[in-house]
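Residue numbers (our numbering): 577 to 642. No residue lacks a Cβ here, since even glycine has one placed at the ideal position from N, Cα and C.
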Amino acid sequence: MPRDEYDIEMFDWAEIPLEHISTARISKTIVIPVYDFLKKLGKVSDDDWDNVTDLLMRYMERHGIE
Numbered sequence: 577m578p579r580d581e582y583d584i585e586m587f588d589w590a591e592i593p594l595e596h597i598s599t600a601r602i603s604k605t606i607v608i609p610v611y612d613f614l615k616k617l618g619k620v621s622d623d624d625w626d627n628v629t630d631l632l633m634r635y636m637e638r639h640g641i642e
């Protein structure tokens with residue numbers, strides 16, 4: 577469930593596959609080194625990826641992050 581304007585629901589969550597409806601929290605974004613990932617859980621749909629990256633770009637522009 578979205579908590580603020582920078583939360584976006586992952587519409588294709590079942591195809592990833594995730595166990596339940598999930599939300600990407602853009603304002604809580606952190607950098608995680610690739611080597612910290614243990615395994616790949618699935619693949620985000622192109623539509624969800626586009627929605628998340630578009631919202632991330634808007635967040636970065638609004639907060640002066642380059």
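request  = Sort out for me which residues DSSP pairs ALA600 with in a bridge.
outcome  = ILE584
request  = Measuring alpha carbon to alpha carbon, tell me which of THR605, ALA600 and MET636 ends up nearest TRP625.
outcome  = ALA600
Same chain only: Cβ atoms within 8 Å of ILE584, ignoring 5 sequence neighbours per side = Here the set comprises PRO578, THR599, ALA600, ILE602, ASN627, VAL628 and LEU631.
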